[in-house]
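Enquirer: 24 is the number of the first residue of the first sequence in my numbering; add one for each residue after it. C-beta atoms are modelled at their ideal positions from N, C-alpha and C, and glycine is treated no differently. As the structure is a prediction and not an experimental result, all values here were calculated from the model. Sharing a structure with you now.
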Amino acid sequence: MAQKRIRVRAAPSPTGYMHIGNLRTYIYDVLLAKQNGGDFILRIEDTDQARFVPDATESFCRTLKRLGIIPNEGVWLSEDGQSLVQRGDFGPYIQSERKAKHQAYAQKLLDMDKAYFCFCTQERLDQMRLMQEAAHQPTGYDGLCRKIDPAEAKRRVEAGEPSVIRLKLPKEGSVTVNDAIRGKVTFDWKLIDDQVIIKHDGMATYHLAAMADDHDMEITHILRGEEWLSSAPKHMFIYEAFGWELPVFAHLPLLLNPDRTKLSKRQGDVSVESYLDKGYLPESLFNFLALCGWNPSDKQEIYTVDELSPLFELSKINKSGAIFNLEKLNWLNNHYLRQRPVEDYVSMVLPFLPADEKDLDFKRRIALLFRERLNLPSEISALSSFMFQTSLDYSNVPLTWKDHPKEEAIERLKTVKSWIESMNESIVEDAKKLEETIKNKIQDNGWGNGDTLWPLRVTLSAQEKSPSPFELMAAYGKERSIKRIDEAIVYLLK
RNA sequence: GGCGCGUUCGUCUAAUGGCUAGGACGUCAGGUUCUCAUCCUGGUAAUACGGGUUCGAUUCCCGUACGCGCUACCA
24 MAQKRIRVRA APSPTGYMHI GNLRTYIYDV LLAKQNGGDF ILRIEDTDQA
74 RFVPDATESF CRTLKRLGII PNEGVWLSED GQSLVQRGDF GPYIQSERKA
124 KHQAYAQKLL DMDKAYFCFC TQERLDQMRL MQEAAHQPTG YDGLCRKIDP
174 AEAKRRVEAG EPSVIRLKLP KEGSVTVNDA IRGKVTFDWK LIDDQVIIKH
224 DGMATYHLAA MADDHDMEIT HILRGEEWLS SAPKHMFIYE AFGWELPVFA
274 HLPLLLNPDR TKLSKRQGDV SVESYLDKGY LPESLFNFLA LCGWNPSDKQ
324 EIYTVDELSP LFELSKINKS GAIFNLEKLN WLNNHYLRQR PVEDYVSMVL
374 PFLPADEKDL DFKRRIALLF RERLNLPSEI SALSSFMFQT SLDYSNVPLT
424 WKDHPKEEAI ERLKTVKSWI ESMNESIVED AKKLEETIKN KIQDNGWGNG
474 DTLWPLRVTL SAQEKSPSPF ELMAAYGKER SIKRIDEAIV YLLK
């Protein structure tokens, strides 16, 4: 028998930004699809008109694009990136456009006596809940309209009475969900509410819409957050009512705040876009998120998508939630920043250097100088700001080495300056050669490295901590280096 | 409250019914070095608790505690 083609989907609601936890789900989707040569589909779940945010879908696509995750089917950006297109044979891929299909499915459920019209008002529902809570009883719909004769219900609907459609769930026995991560999970039917599947406005709720579409689009694996586990029985009920073959359900553990609550806005950033904007690289985010809750049982920490996809196994995903560990993400980002091709790296860092400095080559050298120190491109601005100052303030860090006298520092600086003056620009701009040359001369003079290099380094940086004087001079170039030395000498002579 | 899910170093995790429970991030110490960063070496630190089953349990079972999720005409 031929293996069924693996099809997975990302199904965001256009209600705002892309959540970092959802991105992890999409990463697993991609891994699974890639591993099996399957399809990764983007479907938009916009059945809640009240929460709809204009441009949220476009922005979602743009973020996916920045991450390098391109669905091969479903909703996507048009050529110019300004509007949406839909590609594939299973469309439409926007749920509100599938309203009629959803209603037809609801009608079938009605016909099969697996659903019923409900005429209860919101007031009655609210009041019922209040009373149930006060009596410490389980909350839920009491099934009042369940007993209405279908023919009469139909009459009332046709007469224009407002109604919704609810699932007619079994009230006894139990149901077992087979989860790819957790195994068998059993629920009592009597504790599960007769869920609304068609709302007042005729739009389906998630429960019907997502399942109907997943079936119609031949989705084989439903990867979603753990928060859906409790409603999985309703979803199975719908599949089974229609006699459809069940997909694989995999309920992923949640991503958590440092205090172990569900990852939220209050305790830091949760929007993927803002991480991207801060300079976290797609490959860092991918590597980090993929390994947050899953691990290929290896000691390796650095992985590309292509390395990870053959190793991916749903059943090896952890069952417990994982705290979003920013420090490790930073470490990974530092790694990938250093891994990027030079010009790539430079272009990411350049925007964080002063715009009024017109010497591009100078800025480029500075970008490279701080490469191994950056977790994020933006960090370069604080680290390198002294390099752009016309003159430095030497009052905070001593220019003299330990208890060596000021006169000695002046002498050393004057001598080093004369060496630099006699050197070719090309030597000065080569930190390695410069170091070799100067260290040889220091040795020839019988000086110590510390008593020469400390004053020199502080001269160039006015910082307690900084890159070496050789690297600094190489970045400054001959002219700027000499100017700094002159100023330090003047300062010391005062 | 009810139902469900979960619990290995501070964090992400590996492992097995049986070696000193492994790796990474962080942190600490040492080395390199003019300082810092990098780099190298080393250290620190965990099977929630209580019962079983077993020759032996972190692993299997039960209970307790704690955490989380769900309990909408939101997804």
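Under 9 Å between the Cβ atoms of Asp216 and Ala255?
Expert: Contact flag unset, no.
Enquirer: For the beta strand (DSSP E) that Gly206 lies in, which residues bound it at each end?
Expert: 206 to 211
Enquirer: Under 8 Å, with one C-beta from each stretch per pair, do the region 157 to 166 and the region 174 to 182 reach the 3-pair mark?
Expert: With the cut-off at 8 Å, the region 157 to 166 and the region 174 to 182 do not touch.
Enquirer: Sorted by chain position, which residues of the same chain lie with C-beta nearer than 6 Å to Pro377's C-beta, five sequence neighbours on each side aside?
Expert: Phe411
Enquirer: Helix, strand or coil for Met24? Go by DSSP, reduced to three states.
Expert: Residue placement at Met24 cannot be trusted, given a pLDDT of 46 that sits under 50; what the coordinates show is reported in the next sentence. If DSSP states are grouped into helix, strand and coil, Met24 belongs with coil.
Enquirer: So if DSSP puts Phe272 in a beta bridge, which residue, or which two residues, is it bridged to?
Expert: Asp202, Ile245
Enquirer: Return the chain-ordered ranges of every alpha helix (DSSP H) run that is complete within the region 429 to 480 and spans a minimum of 4 residues.
Expert: 429 to 445, 448 to 451, 454 to 467
Enquirer: Tell me the DSSP bridge mates of Val98?
Expert: Gln109, per the DSSP bridge assignment.
Enquirer: Could you check the C-alpha separation between Met24 and Ile221 for me, to the nearest Å?
Expert: Per-residue confidence for Met24 stands at a pLDDT of 46, beneath the threshold of 50, marking its modelled position as unreliable; no derived number is given.
Enquirer: Just to confirm before moving on: does the CB-CB distance between Asn348 and Asn318 stay below 9 Å?
Expert: no
Enquirer: Rounded to whole angstroms, how far is the Cβ of Ile43 from the Cβ of Tyr359, which I believe are closer than 8 Å?
Expert: Rounded, the Cβ-Cβ distance is 17 Å, inconsistent with contact.
Enquirer: Helix, strand or coil: how does DSSP classify Ala227 here?
Expert: strand
Enquirer: Report the option in Glu296, Glu350, Leu476 whose CA atom is closest to the CA atom of Ile425.
Expert: Ile is not the amino acid found at residue 425; the sequence shown has Lys there. Residue Leu476 is the option with its Cα nearest to Lys425.
Enquirer: Hey, quick one: how far does the alpha helix (DSSP H) through Ala378 stretch, first residue to last?
Expert: Per DSSP, Ala378 belongs to no alpha helix (DSSP H) and is neither H nor E.
Enquirer: Can you list, in chain order, the residues of its chain whose CB lies under 8 Å from that of Leu46, leaving out five sequence neighbours each side?
Expert: Closer than 8 Å at Cβ, skipping near neighbours: Leu90, Val295, Leu308, Leu312.
Enquirer: Assuming Arg85 contacts Gly104 (C-beta within less than 8 Å), just tell me the rounded distance between them.
Expert: 7 Å
Enquirer: Which same chain residues, not among the five before or five after Val271, have their C-beta less than 6 Å away from its C-beta?
Expert: Ala203, His244
Enquirer: Counting C-beta neighbours from all protein chains within 10 Å, is the total for Arg361 16 or more, i.e. buried, or is it exposed?
Expert: exposed
Enquirer: Which of the three DSSP states, helix, strand or coil, is assigned to Asp62?
Expert: strand
Enquirer: Quick check on the burial criterion: 16 or more other C-beta atoms within 10 angstroms. Buried or exposed for Asn463?
Expert: exposed
Enquirer: Between Lys301, Leu214, Glu249, Ala129, which has its C-alpha nearest Met234's C-alpha?
Expert: For Met234, the nearest C-alpha among the options comes from Ala129.
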